[in-house]
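Engineer: Below is one structure. I have some questions about it.
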Amino acid sequence: MLRSAFRILPLPMSSPAALRSVTQARLAAAQRRSSRWRWAGVLAAVVGAHFIAAQWFERHHDTFRPVTPEHVPVQVALLKPERIETQPAGSPPPEKAAPAAPKRVARAPREHVLTATRPGPKPLETAPATQTASTSADASAAASAPGVASSATGGAGSNANAAGQGNAPHTAPGVKFSVPPSAELQYDTFYNGVRNQPGTIHWSSDGRSYDMVVSVPLPFIGTFSYSSHGHVDAFGLAPDQYIEKRGRRGEDITTFHRDTKQIGFTRTPNTLPLQDGAQDRFSMVMQLASLVRGDPDAYQPGVTRQFFVTDNDSGEIWPIETIGDEGVRTDRGTIDARHFMRLPRREGDRRRIDVWLAPSLGWLPARLVQTEPNGTQIELVWRGKIAPQDANGSNAASSDDTPPAPSQPSVTDPGAGPEKP
Numbered sequence: 001m002l003r004s005a006f007r008i009l010p011l012p013m014s015s016p017a018a019l020r021s022v023t024q025a026r027l028a029a030a031q032r033r034s035s036r037w038r039w040a041g042v043l044a045a046v047v048g049a050h051f052i053a054a055q056w057f058e059r060h061h062d063t064f065r066p067v068t069p070e071h072v073p074v075q076v077a078l079l080k081p082e083r084i085e086t087q088p089a090g091s092p093p094p095e096k097a098a099p100a101a102p103k104r105v106a107r108a109p110r111e112h113v114l115t116a117t118r119p120g121p122k123p124l125e126t127a128p129a130t131q132t133a134s135t136s137a138d139a140s141a142a143a144s145a146p147g148v149a150s151s152a153t154g155g156a157g158s159n160a161n162a163a164g165q166g167n168a169p170h171t172a173p174g175v176k177f178s179v180p181p182s183a184e185l186q187y188d189t190f191y192n193g194v195r196n197q198p199g200t201i202h203w204s205s206d207g208r209s210y211d212m213v214v215s216v217p218l219p220f221i222g223t224f225s226y227s228s229h230g231h232v233d234a235f236g237l238a239p240d241q242y243i244e245k246r247g248r249r250g251e252d253i254t255t256f257h258r259d260t261k262q263i264g265f266t267r268t269p270n271t272l273p274l275q276d277g278a279q280d281r282f283s284m285v286m287q288l289a290s291l292v293r294g295d296p297d298a299y300q301p302g303v304t305r306q307f308f309v310t311d312n313d314s315g316e317i318w319p320i321e322t323i324g325d326e327g328v329r330t331d332r333g334t335i336d337a338r339h340f341m342r343l344p345r346r347e348g349d350r351r352r353i354d355v356w357l358a359p360s361l362g363w364l365p366a367r368l369v370q371t372e373p374n375g376t377q378i379e380l381v382w383r384g385k386i387a388p389q390d391a392n393g394s395n396a397a398s399s400d401d402t403p404p405a406p407s408q409p410s411v412t413d414p415g416a417g418p419e420k421p
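Going by the numbering used here, the sequence shown opens with residue 1, and the numbers climb by one from there.
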């Protein structure tokens, strides 16, 4: 009986069907909760994507509208590298002295006498009184250079003037050329339309040498830096070395060996023959600016100029065509600029460069856009003020007026110097 009293009675067990129903109910509830969270996540992602898109469009710089091929003007002229006038190397000093020279020519036919006695005011008073006196003529001839005395016996006033004032060969024929004024340029930079940190272009030149450094910061990549330095020869800017550094990569250096007429690279053992007027990727921009600044009217829509341009491992002809005058939107408003575009160098060439040169900036770049073959676009748009305030389009800049003054005597020798082949 005790055994029967303490017999454990079986507990009621749930049926398999009941267990399945409970499990399904719990799974359904969990699915509903996860579905709500999933939809909440999707909604948050959509809202975030729209917010990012709105921010992108807000920051997107809408001034970049690449010129499609159908809008490119028909080529009307093809210009190739040629010698420049020797005047630009010492152009600022002659421009300052030019107003005094015509006055003397108009007032005194025998200008060489006044020129010879120019250091003292006393000869200016005696010159009119000695026009008929042979003694004063002898005195002036003794004080003047032998070339002036011989020009006095020549009897031709224009020839005497050319001999007396033409010691520097600034009248040598060639294409007009005027180096832009030195400046520290600030640029808004855009990577695929998104604004990044400001970039800079450092440009300095004294009319005989130049130095250029371009710095463009890019997100997640680092700073792209391009530097070019060289001198000015008979064909314009003549790079001596070009250094390119992209982000965290090492430097690629291109060297222009003027003595051996070869171009060497650190990226490849290959060399190239050094052609007259050869440029690197960024000196080409300033070479173009110098040519346009020297003769703006020569670059009308359709005019194309060829440049031999070296990269960090090769070199080829770049055809740069004049597109026309356009407005460039900057943080200071819209400024007028002349648009130039590099035409395809070969069939299938998708890398493109557009440059806008502004006369109000002394024909320095107001905007540059480089389009890579993969579609990446890097854009620079000028902002702020440049260092020199005098930036007339076709006139020599004031920053160039002072440095070349002592270089005037050196131009007399290079007058034949830069012109030698």
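Glycine included, C-beta positions come from ideal geometry on N, C-alpha and C.
For a minimum of 3 consecutive residues, which ranges assigned as the beta strand (DSSP E) are wholly contained in the region 294-378?
Structural biologist: 303-310, 315-330, 333-342, 352-358 and 364-371, all fully within the region 294-378.
Engineer: Taking Cβ to Cβ, would you say G247 is nearer than 8 Å to G222?
Structural biologist: For the purposes of this step, residue 247 is taken as the residue at position 247 of the sequence shown. For the purposes of this step, residue 222 is taken as the residue at position 222 of the sequence shown. Yes, Cβ-Cβ distance for G247 and G222 is below 8 Å.
Engineer: Measure how close the beta-carbons of G362 and P180 come, nearest whole angstrom, since I'm counting them as under 8 Å.
Structural biologist: Here residue 362 corresponds to residue number 362 of the sequence shown, with the count starting at 1. Here residue 180 corresponds to residue number 180 of the sequence shown, with the count starting at 1. At roughly 5 Å, the Cβ-Cβ gap stays under 8 Å, so G362 and P180 are in contact.
Engineer: Which of helix, strand or coil does DSSP assign to P119?
Structural biologist: Along the sequence shown, read from residue 1 onward, the residue named residue 119 stands at position 119. Legend: pLDDT at P119 = 47, less than 50; position of this residue unreliable, value from coordinates given subsequently. DSSP places P119 in coil when its eight states are reduced to three.
Engineer: Cα-Cα, which of I243, G327 and F307 is closest to W318?
Structural biologist: Residue 318 sits at position 318 when you count from the first residue of the sequence shown. Selected option, being the one with the closest Cα: F307.
Engineer: Quick check on R195: does DSSP put it in helix, strand or coil?
Structural biologist: Walking along the sequence shown from the start, residue 195 turns up at place 195. Note: R195 maps to strand in three-state DSSP.
Engineer: Round the Cβ separation of L357 and A337 to the nearest angstrom and send it over; I've been treating them as touching at under 8 Å.
Structural biologist: Here residue 357 corresponds to residue number 357 of the sequence shown, with the count starting at 1. Here residue 337 corresponds to residue number 337 of the sequence shown, with the count starting at 1. The pair is a contact, with the Cβ atoms about 6 Å apart (cut-off 8 Å).
Engineer: At the level of alpha carbons, what is the spacing between T189 and T23?
Structural biologist: As a first step, residue 189 is located in the sequence shown; it is residue number 189 there, counting from the start. As a first step, residue 23 is located in the sequence shown; it is residue number 23 there, counting from the start. Taking the straight line joining both Cα atoms gives about 60 Å.
Engineer: What does the Cβ neighbour count give for L274, buried or exposed, with the cut at 16 atoms within 10 Å?
Structural biologist: In the sequence shown, the residue the question calls residue 274 occupies position 274. The residue in question, L274, is buried, as its Cβ has 16 or more Cβ neighbours within 10 Å.
Engineer: Assuming P181 is part of the beta strand (DSSP E), what are its boundary residues?
Structural biologist: Against the sequence shown, residue 181 aligns to sequence position 181. It is not in any beta strand (DSSP E) - P181 carries neither H nor E in the DSSP assignment.
Engineer: Classify N374 as buried or exposed, calling it buried when 16 or more other Cβ atoms lie within 10 Å of its own Cβ.
Structural biologist: Taking the sequence shown and counting its residues from 1, one reaches residue 374 at position 374. Classification of N374: exposed, given that the 10 Å Cβ count is below 16.
Engineer: By Cβ distance below 6 Å, which residues in the same chain neighbour S360 in space, the five residues on each side in sequence not counted?
Structural biologist: The residue labelled residue 360 in the question sits at position 360 within the sequence shown. The residues are I335.
Engineer: Using alpha carbons as the reference points, say which of A238, L218 and S182 lies closest to V194.
Structural biologist: Position 194 of the sequence shown, counted from the first residue, corresponds to residue 194. That would be L218, whose Cα lies nearest to the Cα of V194.
Engineer: Grab the span of the beta strand (DSSP E) containing G230 for me, first residue to last.
Structural biologist: In the sequence shown, the residue the question calls residue 230 occupies position 230. Per DSSP, G230 belongs to the beta strand (DSSP E) from G222 to D233.
Engineer: Quick one, are the C-beta atoms of T322 and G348 less than 8 Å apart?
Structural biologist: Looking up residue 322 in the sequence shown gives position 322. Looking up residue 348 in the sequence shown gives position 348. For T322 and G348, no; Cβs fall outside 8 Å.
Engineer: By alpha-carbon positions, which one of S34, F177 and R26 ends up nearest to G294?
Structural biologist: Counted from its first residue, the sequence shown places residue 294 at position 294. That would be F177, whose Cα lies nearest to the Cα of G294.
Engineer: Does the distance from the CB of I353 to the CB of V216 come in under 8 Å?
Structural biologist: The residue given as residue 353 occupies position 353 in the sequence shown. The residue given as residue 216 occupies position 216 in the sequence shown. Result no, Cβ atoms of I353 and V216 do not sit closer than 8 Å.
Engineer: Please name the residue in D325, Q75, I320 and R329 whose C-alpha comes closest to that of L343.
Structural biologist: Against the sequence shown, residue 343 aligns to sequence position 343. That would be I320, whose Cα lies nearest to the Cα of L343.
Engineer: Determine the direct distance from the alpha carbon of R305 to that of V285, and round the result to whole angstroms.
Structural biologist: Looking up residue 285 in the sequence shown gives position 285. Looking up residue 305 in the sequence shown gives position 305. Each residue's Cα considered, the two are about 12 Å apart.
Engineer: Where does G48 fall in DSSP's three states?
Structural biologist: As a first step, residue 48 is located in the sequence shown; it is residue number 48 there, counting from the start. Note: G48 maps to helix in three-state DSSP.
Engineer: Are there 16 or more other CB atoms within 10 angstroms of the CB of Q197, so buried, or fewer, so exposed?
Structural biologist: Here residue 197 is taken as the residue at index 197 of the sequence shown, counted from 1. Exposed, since its Cβ has fewer than 16 Cβ neighbours within 10 Å.
Engineer: Let me make sure I understand the geometry here. Which of S283, E82, V76 and S21 has the alpha-carbon closest to that of V213?
Structural biologist: Translated into the one-based positions of the sequence shown, residue 213 becomes position 213. Of all alpha-carbon atoms in S283, E82, V76 and S21, the one lying nearest the alpha-carbon of V213 is that of S283.
Engineer: Provide the residue span of the beta strand (DSSP E) that contains L272, from first to last.
Structural biologist: As a working mapping, residue 272 is identified with position 272 in the sequence shown. Annotation: the continuous beta strand (DSSP E) that includes L272 extends over T271 to P273.
Engineer: Using three-state DSSP, classify T268 as helix, strand or coil.
Structural biologist: As a first step, residue 268 is located in the sequence shown; it is residue number 268 there, counting from the start. It is coil, neither helix nor strand.
Engineer: Going by the DSSP bridge assignment, what does Q262 pair with across the sheet?
Structural biologist: Reading the sequence shown from its first residue, position 262 is the one you call residue 262. Paired residues: H257 and P273.
Engineer: Where do the N-terminal and C-terminal ends of the beta strand (DSSP E) with R246 fall, by residue?
Structural biologist: Locating residue 246 in the sequence shown gives position 246, where the first residue counts as 1. Element bounds for R246: G236 to R246.
Engineer: Would you mind sorting Q262 into buried or exposed? The rule is 16 or more other CB atoms within 10 Å of its CB.
Structural biologist: Taking the sequence shown and counting its residues from 1, one reaches residue 262 at position 262. Around the Cβ of Q262, a 10 Å sphere holds fewer than 16 other Cβ atoms; the residue is exposed.
Engineer: Whole angstroms is fine: what's the gap from G250's alpha carbon to E244's?
Structural biologist: Taking the sequence shown and counting its residues from 1, one reaches residue 250 at position 250. Taking the sequence shown and counting its residues from 1, one reaches residue 244 at position 244. Approximately 9 Å, taken between the alpha carbons.
Engineer: Does DSSP put Q279 in a helix, a strand or coil?
Structural biologist: Looking up residue 279 in the sequence shown gives position 279. Residue state, collapsed to three classes: strand.
Engineer: By the 10 Å Cβ neighbour count, where 16 or more other Cβ atoms means buried, how is H339 classified, buried or exposed?
Structural biologist: Translated into the one-based positions of the sequence shown, residue 339 becomes position 339. Buried: at least 16 other Cβ atoms inside 10 Å.
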